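Undergrad:
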Amino acid sequence: MILLYPVVNQYRNKISLNGLWKFAIADDFYDVTKPIQDYRLIGVPSSYNDLFTEKKIRDHVGTVVYENTIEFPDSTIHNNWFLRIGAAGNRCKVYLDGLLIYTHNGGFLPIDCSIPRKVTINKYRLTILLNNRLDYQTLPIGEIIDDKQIIHYDFRNYTGIHRDSFLYSKPNHAIEDIYIETNVFSKYAEVKYQVFCENECIVKLFDPNDIEIGISHGNKGMIHVNNPKLWDIGKGYLYRLEVSSNNDLYSETFGIRTIEVFQNKLLLNGREVYLKGFGMHEDHEIIGKGSFTALNIRDYNLLQWIGANSFRTSHYPYAEEMYELADRYGILVINEMPAVGLNFWSGRTVFAEGVVDNKTLEVYKQQFLELYARDKNHPSVIMYSLANEANTHEAGAFEFFNEVVRFARSKTNLPLMIVEWVGAKENKVAQLADVIGLNRYIGWYSDFGDLDIVPEKLRTSLQEYFDTFNKPILLSEFGADTLAGLHKLPSVPFSEEFQVEFISKYQEVIKDLDFIIGEHVWNFADFDTKPGITRVDGNKKGVFTRNRQPKMVAHILREKWIRKS
Ligand code: GCB
467 MILLYPVVNQ YRNKISLNGL WKFAIADDFY DVTKPIQDYR LIGVPSSYND
517 LFTEKKIRDH VGTVVYENTI EFPDSTIHNN WFLRIGAAGN RCKVYLDGLL
567 IYTHNGGFLP IDCSIPRKVT INKYRLTILL NNRLDYQTLP IGEIIDDKQI
617 IHYDFRNYTG IHRDSFLYSK PNHAIEDIYI ETNVFSKYAE VKYQVFCENE
667 CIVKLFDPND IEIGISHGNK GMIHVNNPKL WDIGKGYLYR LEVSSNNDLY
717 SETFGIRTIE VFQNKLLLNG REVYLKGFGM HEDHEIIGKG SFTALNIRDY
767 NLLQWIGANS FRTSHYPYAE EMYELADRYG ILVINEMPAV GLNFWSGRTV
817 FAEGVVDNKT LEVYKQQFLE LYARDKNHPS VIMYSLANEA NTHEAGAFEF
867 FNEVVRFARS KTNLPLMIVE WVGAKENKVA QLADVIGLNR YIGWYSDFGD
917 LDIVPEKLRT SLQEYFDTFN KPILLSEFGA DTLAGLHKLP SVPFSEEFQV
967 EFISKYQEVI KDLDFIIGEH VWNFADFDTK PGITRVDGNK KGVFTRNRQP
1017 KMVAHILREK WIRKS
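Residue numbers (the numbering used here): 467 to 1031.
The structure is reproduced here in structure tokens:
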């Protein structure tokens, strides 16, 4: 699995495919051999759902088609060209002049495939079929019942070409992949690397000021760094390995830092760190899950303003650019797999043959491989979250998660977290994780509106987890739906005052519990969901509005979090 990000240099090129495409709702018998008929214009990147005015497009379940013409400059006839789409949901088939060249399952990880070219032709019809159906062999999982898509999680099943898309080229015998591992000692660090390339490479190391500080010959080696500048919260010190062969060049940035879980604490560079931040979503008006740098920058500026040091990519891997920004801003990222919806919120069993079973597990492993391949060198990624609110009290859950943890552990040394909703006593899997994520909504989904009950119930539920599993706990979700601008004195649920009281109550409880390694408020911003009687225009638990403006609680959090840094 190779997913180095496309770059331009003297040996490599890329051509953006962002912008106008042709689009149509299709069916499963769509004829790709003919150019698209009756199409509409569409913008990439973006979800398609909220761009048009018809419900039948917004709510379409099944296949849609995107089409574009691609053309290569004459001078590049001998290069090897590839297609890279940051993400397109959910299942994807890529055709070139009507011929299938690639299929991909997974709406949150890159589509990356080589473009077979004919010497005499330089212009091709690129057709992308996307199928947004979710079933037991997709992540998130879903069910189709009576032709209706049923999802068991709380965000929109937005569909489209969501992230930046390129054609990019690599030379023959290219530098295919670079693995970097750092070890920190008291006065120096070791930078170990492995390059995957058929040719012999030279590796140069540059410090955060871009000054060359080391060189090594060979595809596997180590470079010493004296007095390294450690990557840290708010200090996005990035080193750069410049790898070159006789016909290729690739620069990979990385940070020097350590992460470990030790005696129920999370340590960054040997120092205890308390996580302050949010579960987030990729979600905006109009563009849905489309990723845009300017909007991402706004989110990072708000994270900095409020004094957050971390976030969880709930409930799926985000666009690559988000991790690049996190590296630079010095923000800690908990990278979550799209394993959400593994819960029917009823008595029905999830972990069973024909439901979430070995086939689902294979899909999971493939997506974890892709996630790890894509994100392995980002210093901002400090932990992997393997699932959100699965039915971990079921007997079959143990077998599934045992294998998931074994597999993830065989790839990464980073701490592994599983985010839980069930109580400690019935949980069958929490002992497998290094960190337990707990989502708690006492005073909201239970004991609605009663904040007096929160201290005792919350403390008991957290303490029970710690006593049972002896693992550090991240309070990974807590929050209350809040209508921006609704003020009530005394407070009532949905008012801004209630959100302040709710969040403050939780903070008061956890401040005395030293096994709690952090607090992630649910959610960073309001976001859209499937329609439902508990959702008026989406989920309103945001500390910021969907338009990224602060609710009252944002100012309160800012005061506390900045003081606590
Ligand atoms: C949860 C889920 C999250 C929901 C949230 C809510 O426990 O993990 O996806 O959005 O609750 O607001 O209901």
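A virtual CB, placed ideally from N, CA and C, is assigned to each residue, including glycine. Since this is a predicted model, take the numbers as computed values, not measurements.
Given Arg679, which residues of its chain have a CB within under 6 Å of its CB, disregarding the five upstream and five downstream residues?
TA: Just to set this straight, residue 679 is Ile in the shown sequence, not Arg. Excluding sequence neighbours, Ile679 sits near Leu671 and Asp673.
Undergrad: Could you check which residue in Val888, Glu828, Pro472 and Tyr850 has the C-alpha nearest to that of Tyr838?
TA: Nearest C-alpha to Tyr838: Tyr850.
Undergrad: Quick one: which unbroken beta strand (DSSP E) runs of 3-plus residues sit fully inside the segment 808-861? Chain order, please.
TA: 847-854, all fully within the segment 808-861.
Undergrad: Give every residue of the same chain whose Cβ lies closer than 7 Å to the Cβ of Asn809, excluding the five residues on either side of it in the sequence, and list them in chain order.
TA: Around Asn809: His618, Val816, Glu855, Ala856 and Asn857.
Undergrad: Output needed for Asn692: all residues of its chain with C-beta closer than 6 Å, excluding positions within five of it in sequence on either side, in chain order.
TA: Within the same chain, Asn692 has close Cβ partners Tyr654.
Undergrad: Can you check the segment 732-777 for any beta strand (DSSP E) of at least 3 residues that lies completely inside it and give the ranges in chain order?
TA: Entirely contained in the segment 732-777, the beta strand (DSSP E) runs reaching 3 residues are, in chain order, 741-745.
Undergrad: Is Asp620 a contact residue of the ligand GCB, with contact defined as CB to any heavy atom under 7 Å?
TA: Checking the Cβ of Asp620 against the ligand GCB gives yes.
Undergrad: Quick one: any contact between the segment 935-942 and the segment 982-994, if contact means 3 or more CB pairs under 8 Å?
TA: Yes, the segment 935-942 touches the segment 982-994.
Undergrad: Following a CB-centred definition, is Trp811 positioned closer than 7 Å to any heavy atom of the ligand NAD?
TA: Annotation note on the ligand NAD: not contained in the displayed structure, which lists the ligand GCB as its ligands.
Undergrad: Determine which residues share a DSSP beta bridge with Ser635 and list them.
TA: DSSP, once it has assigned bridges, lists Asn479 and Trp547 as partnering Ser635.
Undergrad: What is the residue span of the beta strand (DSSP E) that His683 lies within?
TA: From DSSP, the beta strand (DSSP E) with His683 extends over Glu678 to His683.
Undergrad: Throw me the rounded Cβ distance for the Leu880 and Val871 pair, which I believe falls under 8 Å.
TA: In fact, because the Cβ distance is near 12 Å, the residues do not count as touching under 8 Å.
Undergrad: Mind checking who Ser912 pairs with in its DSSP beta bridge?
TA: According to DSSP, Ser912 bridges with Ile908.
Undergrad: What do you reckon, is the C-beta of Trp887 under 7 Å from a heavy atom of the ligand GCB?
TA: Result yes, Cβ under 7 Å from the ligand GCB.
Undergrad: Does Asn623 come within less than 8 Å of chain B when only Cβ atoms are used?
TA: No chain B appears in the structure shown, which is made up of a single protein chain.
Undergrad: For Gly564, tell me which candidate among Thr499, Pro582, His628 and Glu520 has the shortest Cα-Cα distance.
TA: The shortest Cα separation from Gly564 among Thr499, Pro582, His628 and Glu520 belongs to Thr499.
Undergrad: Measuring from the CB of Asn854, is there a heavy atom of the ligand GCB at a distance below 7 Å?
TA: Yes, the ligand GCB has a heavy atom inside 7 Å of this Cβ.
Undergrad: To the nearest angstrom, how far is it from the Cα of Gly736 to the Cα of Leu696?
TA: C-alpha separation (whole angstroms): 11 Å.
Undergrad: Please report how far the alpha carbon of Phe651 lies from the alpha carbon of Ile641, in whole angstroms.
TA: So the two alpha carbons sit approximately 30 Å from each other.
Undergrad: So who's on the other strand from His725, going by DSSP bridges?
TA: Contrary to the premise, residue 725 reads as Ile rather than His in this sequence. Note: Ile725 sits in a beta bridge opposite Leu734.
Undergrad: Less than 8 Å between the CB atoms is what I'm expecting for Glu533 and Arg583, so what's the real figure, rounded?
TA: No, Glu533 and Arg583 are not in contact; Cβ-Cβ is about 18 Å, not under 8 Å.
Undergrad: In three-state DSSP terms, what is Pro959?
TA: In this structure, Pro959 counts as coil in the three-state DSSP scheme.
Undergrad: Can you tell me whether Asn623 sits near the ligand GCB, meaning its C-beta is under 7 Å from at least one heavy atom of the ligand?
TA: For the ligand GCB, not one heavy atom lies less than 7 Å from the Cβ of Asn623.
Undergrad: DSSP three-state call for Leu1023: helix, strand or coil?
TA: In the structure shown, Leu1023 sits in a helix (DSSP, three-state: H, G or I).
Undergrad: Below 8 Å between beta carbons: does that hold for Ser635 and Pro511?
TA: Their beta carbons are not under 8 Å apart, which means Ser635 does not touch Pro511 by this criterion.
Undergrad: For Leu965, which residues from the same chain have a beta carbon less than 6 Å from its beta carbon, with the 5 sequence-adjacent residues on both sides left out?
TA: The amino acid occupying residue 965 in the given sequence is Gln; Leu does not appear at that position. Contacts found: Ala946, Thr948 and Val1019.
Undergrad: Mapping DSSP to helix, strand and coil, what is Lys877?
TA: Reduced to three states, the DSSP call for Lys877 is helix.
Undergrad: What do you get for Asp714, buried or exposed, if any count of 16 or more other CB atoms within 10 angstroms of its CB means buried?
TA: Label assigned to Asp714: buried.
Undergrad: Report the three-state DSSP secondary structure of Leu704 (helix, strand or coil).
TA: Note: Leu704 maps to coil in three-state DSSP.
Undergrad: With a threshold of 16 other CB atoms inside 10 Å of the CB of Lys825, please say whether the residue is buried or exposed.
TA: Under this definition Lys825 is an exposed residue.
Undergrad: I need the DSSP call for Gln1015, collapsed to helix, strand or coil.
TA: Of the three classes helix, strand and coil, the one that applies to Gln1015 here is coil, per DSSP.
Undergrad: With 16 as the cutoff for other CB atoms within 10 Å, does Ser513 come out buried or exposed?
TA: Per the 10 Å Cβ criterion, buried.
Undergrad: When the Cα atoms are used, what is the spatial distance from Ala1039 to Val1002?
TA: Not covered by the structure: residue 1039. The range shown for the chain is 467 to 1031.
Undergrad: Over what stretch of residues does the alpha helix (DSSP H) that includes Ser927 continue unbroken?
TA: That run of the alpha helix (DSSP H) goes Val920 to Phe935.
Undergrad: Sorted by chain position, which residues of the same chain lie with C-beta nearer than 8 Å to Phe548's C-beta, five sequence neighbours on each side aside?
TA: Excluding positions up to five away in sequence, the list reads Pro472, Asp578, Cys579, Ser580, Ile581, Leu633, Tyr634, Ser635 and Lys636.
Undergrad: Considering only their Cβ atoms, is the gap separating Lys488 from Glu537 smaller than 8 Å?
TA: No. Outside cutoff.
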